[in-house]
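Student:
2 protein chains.
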Amino acid sequence: MEKKIEISMLCGFYGKLLTKKQFEFLNDYYNNDYSLSEIAENNNITRQAVRDIIKKGEKKLFEYEEKLLFMKKTLTQEQKIQSVLKELTKIQQNSSDKKIEHILDSIRKELNCLV
Amino acid sequence: MEKKIEISMLCGFYGKLLTKKQFEFLNDYYNNDYSLSEIAENNNITRQAVRDIIKKGEKKLFEYEEKLLFMKKTLTQEQKIQSVLKELTKIQQNSSDKKIEHILDSIRKELNCLV
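Chains as they are written, first to last, in this note's numbering: chain A, 1 to 115; chain B, 116 to 230.
1) Hey, out of B/I215, B/K175 and B/K205, whose CA is closest to B/L141's CA?
2) With a CB to CB cut of under 6 Å and the five nearest residues on each side skipped, what residues in its chain are close to A/V115?
3) Three Cβ pairs or more, each shorter than 8 Å: is that satisfied between the stretch 208-218 of chain B and the stretch 98-105 of chain A?
4) Considering B/K171, what are the terminal residues of the alpha helix (DSSP H) in which it resides?
5) Which of the three DSSP states, helix, strand or coil, is assigned to B/N147?
6) Within this structure, are the beta carbons of A/I5 and A/Y29 separated by less than 8 Å?
7) Kindly say whether A/K72, judged by its beta-carbon, lies nearer than 8 Å to any beta-carbon of chain B.
8) Would B/I215 count as contacting chain A if we go by Cβ distances under 8 Å?
9) In its own chain, which residues sit with a C-beta less than 6 Å from the C-beta of B/G172, not counting the 5 before and 5 after it?
10) Kindly list, in the order they appear in chain A, the residues whose Cβ is closer than 9 Å to that of B/K174.
11) Can you tell me whether B/T189 is buried or exposed? The criterion is at least 16 other CB atoms within 10 Å of its CB, across all chains shown.
12) Give the straight-line distance between the Cα atoms of B/L203 and A/E66, rounded to the nearest whole angstrom.
13) Which residues, in order along the stretch 17-35 of chain A, keep a beta-carbon less than 9 Å from a beta-carbon of chain B?
14) What does the alpha-carbon distance come out to for the pair A/Q93 and A/T76?
15) Between A/K109 and A/S95, what straight-line distance do the alpha-carbon atoms span, to the nearest angstrom?
16) Of all Cβ atoms in chain A, is any one closer than 8 Å to the Cβ of B/K171?
17) State the CB to CB distance for the pair B/I206 and A/I45, rounded to an integer number of angstroms; the pair is presumed to be in contact (CB under 8 Å).
18) Going by the beta-carbon positions, is the gap between B/L226 and B/L200 smaller than 8 Å?
19) Using only the alpha-carbon positions, how far apart do B/L184 and B/S198 sit?
20) In the DSSP assignment, find the alpha helix (DSSP H) that holds A/N112 and state where it starts and stops.
21) Provide the residue span of the alpha helix (DSSP H) that contains B/M124, from first to last.
22) Relative to the alpha-carbon of A/G12, which residue among A/F62, A/A49, A/Q48 and A/E38 has its alpha-carbon at the smallest distance?
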């Protein structure tokens, strides 16, 4: 997975465990595409200070994931659900029963909330 | 949810973020049914010290859940999957097609890994 996407996702999972500044800078840098210099200027601190805070935040995110594995578990789960959604399409292709179609719709709705 | 079960579950989610002692004592108290006095005796410390460590660990677990909501999300997800599994049974009851039965088995296997 590309680093930018990975950190952005990790922020979604564990961002609330970071300090306000760490979260803010990571969000500006990885989600809002600000440069280090822009963040530095907006916050009246040096580029190096921004870099240090971002690095520290990243380190914490990776440590949380290493311990808790929530992102890994969620991605695996989403894959399984996508695979189930494909299997449901196969059932639909093998049936013309309206009742079954109706049940399939209801299952899809439930599963789509999980991905 | 009963407090004992709740803390035991929270330990499963966030236990790795506790100190070794917090995790050990919470596990002894809530999962292995040791009393505070027994844990104190086994660790050569006072009953009050054990109590303090357990209380501090519990507080941290609740704080993590308040911020991250992984237990709440997991329980909601498990409910949805249980409901999907019930819906699958309805499809089976409305079909005698062997192909569909086979697909249903495969879906059940995928979903049972998630609960």
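Where is the CB? At the ideal position from N, CA and C, for every residue including glycine.
Tutor: Straight from the coordinates:
1) B/K175
2) E78 and I81
3) yes
4) R162 to L183
5) coil
6) no
7) no
8) yes
9) L133, Q137 and L141
10) Those within 9 Å of B/K174 in chain A number zero; the least Cβ separation is about 15 Å.
11) buried
12) 35 Å
13) L17
14) 26 Å
15) 19 Å
16) no
17) That belief does not hold up - the Cβ atoms of B/I206 and A/I45 are roughly 60 Å apart, past 8 Å.
18) yes
19) 21 Å
20) K98 to N112
21) K118 to Y129
22) A/F62
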